[in-house]
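*Asks:* Just passing along the structure, written as C-alpha cells.
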Amino acid sequence: NGTVTVANGFTYNATPTISSIVPNNGPVAGGQVIVITSPGVSGTVTVQLGSVTVPTQNVTVGAGTITVLTPPGAASGPVDVTVDTSVQGTTVVPNGYTYNPGATITAVTPNNGPVDAATPIVITGTGFLSPSTVTIGGLAAGVTTVVSPTQITATAQPFTLVGAQDVVVTSNLAGVATLPDGFTYTPVFANSTQATPAGGAPNDVATGDFNGDGVQDFVVANQALASFSVLISGVRTDFPVTGTEPANVSVADMNLDGRPDVVTTNKVSNDMNVFLNVMALPTNTPTFSAPVVFAMAGTPGQVEARDFNGDGKPDIVTVSESTGNILARLNTTTPGAGLSLSGVTTIGAGLASPAGFAVADFDRDGLPDLAISESAAGANRARVFRNTTGPGGGTPGFTQVATLNAGTRTVAVATGDLNGDGRPDVVVANRQDDTFTTFVASGIVGTIGFSAQPAQSTGAGPVAIVIADLDGGGVPDVITANDGASTVSVRVNQTVPGTANVTYSAQADRPCGATPGTLIALDINNDGKQDLAVPNRTGATVTLLTNL
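Everything in the sequence shown is counted per our numbering, starting at 1136 for the first residue and increasing by one.
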C-alpha cells in the first residue's frame, strides 16, 4: 500500500519556561496573589506549590502569565513551583516560592493611652515583614514602621470609645496577627486641686449637696487639726470638732429635716460628732449647730450613715480599729424633734485591725450588709457580715457569713455589680502586693457566696478602692488610690454583662497629690460622668479628677 507522509503533521512544543515569580514569598496561611511569568504558555495549566496542588479556580492563564492565589502551605519555608501544561509538558522552579511564618503579636508597649490623644506604641512579636499595616479597634494606626521581624512602631490614634481594643497587624507577605484587647483607651481627666488647711493631713472625704444647687459639695476630715472642711464651689470653710483626730467623715440627713448633716469619728478621743446643718438657703456659706457628741469606744475608724434597720432613718456603723468590734447606733429621731440615737451596740467581730468597710445588700433581703477588710499583718482578708437587725429592729446585729482571702495587707474594700447579674461583688485592695482582688458574688436570694478572681495590678501601695462606671460602658470600673506612688490606677471593666468572670483592661495610672488617703467617685460638674476626688495627706489638698 505504500507510505503516506504528512509534512509537519506533528509539533513538539517547547517545555514551558518560567522567567519570574512575583512576589516569591507570602504567608503560610495562603491567600497571596502571585504572578508567574511564562512566555508562550498555553493549554490547560496546573500549578503546584510544594506538594499542594492549587485549585483550578485559583489559576488564571493570560498572555504569557499565570496568576495564582496561593493555597495554605504545609509548613513555612521554601517550596518548589511546578507548572504543568496539557500541551507543553512540565517545568519546575526549585525553591521558587517561600511560605513565610505567620506573624504573631506578643505585647504592645504601652498597652494603654488616653482616648483623646495619640499614643506612640511598640508592638513586639515574630514574623513581621514590610510593608505592614496596624489597626487598633479597626482604626488605622499612624506612622507604622517595621523595625525588624520582631518589632513594629506605630501610633495609636485618638478613638471614640473608652476600653480595650484588638490590635491587628496585616501584611500581604506574613498574613494577619491579632492581639485581642491589646490596647486600652482610658478615660481622660482634667486634674485640679483644692486646698485644705495646712498640716491638716486630710484623710477622708464625703459629699453632699449643702447649698441645694444640685451639685455635690465636699466634706474633708482634717485628722491632724481636729477639724473638717466644707468645700462649696471651690470655697473652703473650716469647722473644729469636739474630739481628737477626726480621721473619717460621712454625710447624711441625721435629723430628717431634708438637709445633709456631717458625722465625724475621732480616733484618739474615741467619740463621734454629729454636726446638724442649719443653712438657710439660698446661700453658699455652710452653717452647723454645735456638735452633738456620742461616745464610740476603741479607736473608731471609717463611719457610714445608712439605714440599717429599714425604718427610713440613717443609722451609724463604724469599726473599732483597736478592739476589732463593730460599733452601731440606731437613729431614733422623731421628725421635727431633736437628734436622737440609741446607745452604742458593740458587736464582737474578732476583726484584726479593721481598716475599712463597704456596705451592700449581699443577700438581697432589703437590709444592707457589711464587707470589712482587715489590715493586720498576716490577716490578708476581708470578712462579710450579714445584717441580722431585722426590718424596724431595735437592736443592731451582724453575723459573719464569709471570709474573702485576698493578697497581703488588705487595707480597703469596695462593692458593686461588676458583671451585671444584679448581685453586689467585692474588690479588696492589697497594699503590700500592689494589687486588688475581685470576688464575684454567687448564690440565690437569701444566701451569700463569692468566688475569687485573679489579682490585678495597681500602682504602688493601694490604700483606697472604689467601683464606678467611668466610661459609661454599663458595667462599673475599679479605681485605686496609691499612696506609694501618689497616683490613681484605673481598670476599665471589660466584662460582658451576665458572665461569671470579671475581666479588666490594662492598668492606667493618673497622678494625684502626695500620699492620697482615700478617694470617692461622684459627678463633680453635673455632666452625667463619674469623676474622682482624692484627699492628699501630705500635700493638704484634694485632687479633683474631672472625667472629660
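The beta carbon of each residue, even a glycine, is placed where N, CA and C say it ideally should be. These figures come from a predicted structure and were not determined experimentally.
#1: If contacts are defined as beta-carbon pairs under 8 Å, then GLN1591 and ALA1299 qualify, I think. What distance do you get, rounded to the angstrom?
#2: To the nearest angstrom, how far is it from the Cα of GLN1183 to the Cα of TYR1234?
#3: Suppose you measure from the CA of ALA1325 to the CA of THR1422; what does that come to, to the nearest Å?
#4: Could you check the C-alpha separation between VAL1216 and THR1225 for me, to the nearest Å?
#5: So which of ASP1450, SER1404, SER1424, ASN1444 has the shortest CA-CA distance to THR1434?
#6: For the stretch 1366 to 1422, list the beta strand (DSSP E) runs that are entirely contained and at least 3 residues long, ordered along the chain.
#7: What is the DSSP secondary structure of LEU1683, reduced to helix, strand or coil?
#8: For the 8 Å Cβ check, are there 3 or more pairs between the stretch 1629 to 1643 and the stretch 1307 to 1320?
#9: In whole angstroms, what separates the C-alpha of VAL1452 from that of GLY1483?
#10: So, with DSSP's three-state summary, where would you put THR1467?
#11: For the beta strand (DSSP E) that SER1621 lies in, which residues bound it at each end?
#12: Report yes if the CB atom of ASP1396 is closer than 8 Å to the CB atom of ASP1406, and no otherwise.
#13: Residues in its own chain within less than 6 Å of ILE1287 by CB, not counting five upstream and five downstream?
#14: Please go through the stretch 1245 to 1287 and give each complete beta strand (DSSP E) segment of 3 or more residues, from N-terminal end onward.
#15: According to DSSP, is ALA1484 part of a helix, a strand, or is it coil?
#16: Using 8 Å as the threshold, is the C-beta distance between SER1424 and LEU1416 below it?
#17: Taking only three categories from DSSP, how would you classify ALA1142?
#18: Tell me the rounded alpha-carbon separation between TYR1232 and GLY1310.
#19: From which residue to which residue does the beta strand (DSSP E) around THR1319 run?
#20: Report yes if the C-beta distance between THR1673 and ASN1660 is below 8 Å; otherwise report no.
#21: Helix, strand or coil, according to DSSP, for LEU1360 in the structure here?
#22: ASN1444 and GLY1501: beta carbons closer than 8 Å?
#23: Buried or exposed: SER1586, going by 16 or more other Cβ atoms within 10 Å of its Cβ?
#24: For ARG1645, which beta-bridge partners are listed by DSSP?
#25: Taking all protein chains shown into account, decide if THR1205 is buried (16 or more other Cβ within 10 angstroms of its Cβ) or exposed.
#26: Taking the continuous beta strand (DSSP E) assigned at THR1225, which residues delimit it?
#27: Report the option in GLY1212, ILE1240, PRO1174 whose CA atom is closest to the CA atom of GLY1197.
*Replies:* Based on what the coordinates show:
#1: Not confirmed; about 13 Å, so no contact.
#2: 13 Å
#3: 30 Å
#4: 11 Å
#5: SER1404
#6: 1370 to 1375, 1381 to 1387, 1396 to 1401, 1406 to 1410
#7: coil
#8: yes
#9: 13 Å
#10: coil
#11: Premise fails: SER1621 is in no beta strand (DSSP E) and is neither H nor E.
#12: no
#13: ILE1258, PHE1263, VAL1281
#14: 1247 to 1249, 1254 to 1261, 1268 to 1271, 1277 to 1283
#15: coil
#16: no
#17: coil
#18: 16 Å
#19: 1310 to 1321
#20: no
#21: helix
#22: no
#23: exposed
#24: VAL1623
#25: buried
#26: 1224 to 1235
#27: PRO1174
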